[in-house]
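J.: What follows is a structure written as structure tokens; I'll ask about it next.
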Amino acid sequence: MIAKKSLMWLPSLMLTMAMTACGSTTTIKTENGTAEVKKDGSEFTVNSKDGETTTFKSQDDNTFQIESNKNDGSGGKTTVKSSTEIPASFPKDIPLPDDAKTTGSIETNADGKESIIVTIHTDKELSELETMYKQYFKDNNVSNSMQMVQSGAILFSGELEGHMISISGSPSGDAAEGMDLSISWTENEAK
């Protein structure tokens, strides 16, 4: 788990990364430790006076990685990748409306525990989406299931094959018609 102290530095360090993109490596010293930013702005490392080291890396493919190491050998690693396409690892059997337009996706791996969130827009009616996802939950024997349709919104969640699945949708705020859906698929345990 990444310490809150390290994350408090994030806004200042992001600004420093942007400013040092064309210059040399910069080191910031504070009473809590130091932060070093690579000259190309792609990486910075925070070293706390307590001996914790947290490294933030930005890659060209919309991937961001945070790795934390403590004196006692513990630590963690989180990788986040964003896109406007459905990730290849997203389960193919989760139904999507035939007119679905992907508006975004986020893949996360936190210490081996994978999670995917896909957001889409559809012009389908709420009743069509309700029928589709009720059938999916029934056909796949989703356990610990919760299904709610209320005030023009839907929420389905449950457990399936060692994963948590959550599907939520509400009327689109951007378009005159349609629904925006968010589908989350998260491993219950790290690999």
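Counted the way mature numbering (1 follows the signal peptide of the UniProt record, and there is no 0) counts, the sequence shown spans residues -23 to -1, 1 to 168. Beta carbons are placed, not taken as given, at the ideal position from N, Cα and C, and that holds for glycine. The structure displayed is predicted, hence computed values, not measured ones.
(1) What does the Cβ neighbour count give for S104, buried or exposed, with the cut at 16 atoms within 10 Å?
(2) From A(-3) to A77, what does the alpha carbon distance come to, in whole angstroms?
(3) Where does F33 land, buried or exposed, given buried means 16+ other C-beta within 10 angstroms?
(4) Just to confirm my understanding: we take T163, look at its own chain, exclude 5 residues before and 5 after, and list those with CB closer than 7 Å. What are they?
(5) Count the other CB atoms, across all protein chains shown, that sit within 10 Å of the CB of F21; report buried if there are 16 or more and exposed otherwise.
(6) Quick check on E138: buried or exposed, where buried means 16 or more other Cβ atoms within 10 Å of its Cβ?
(7) Please identify the residue among M123, I97 and F114 whose C-alpha is closest to the C-alpha of D75.
(8) Could you tell me whether the region 40 to 52 touches the region 22 to 29, using the rule of 3 or more Cβ pairs below 8 Å?
(9) Considering D157, what are the terminal residues of the alpha helix (DSSP H) in which it resides?
(10) Could you check where the beta strand (DSSP E) with L132 kicks off and where it finishes?
(11) Would the region 54 to 68 and the region 118 to 132 be scored as touching if the rule is three or more Cβ pairs under 8 Å?
(12) Measure the CB-CB distance between residue 169 and E13 and report whether it falls below 8 Å.
(13) Here's the rule I'm using: 16 or more other beta-carbon atoms within 10 Å means buried, otherwise exposed. How should E84 be labelled?
(14) In chain order, what residues of the same chain lie with their CB nearer than 7 Å to the CB of E107, ignoring the 5 residues before and after it?
T.: In this structure, then:
(1) Burial call: exposed.
(2) Because A(-3) carries a pLDDT of 48, less than 50, the predicted location of this residue cannot be relied on, and no value is offered for it.
(3) buried
(4) S92, H140 and M141
(5) buried
(6) exposed
(7) Selected option, being the one with the closest Cα: I97.
(8) Contact holds between the region 40 to 52 and the region 22 to 29, because three or more Cβ pairs, one in each stretch, are under 8 Å apart.
(9) Taken as a continuous stretch (DSSP letters only), D157 belongs to no alpha helix (DSSP H), being part of the beta strand (DSSP E) at M156 to E164.
(10) A130 to L137
(11) no
(12) Past the edges of the chain, shown from -23 to 168, lies residue 169, and the structure says nothing about it.
(13) buried
(14) Spatial neighbours of E107 in its own chain (CB-CB distance under 7 Å, excluding positions within 5 residues in sequence) are listed in chain order as V126 and I131.
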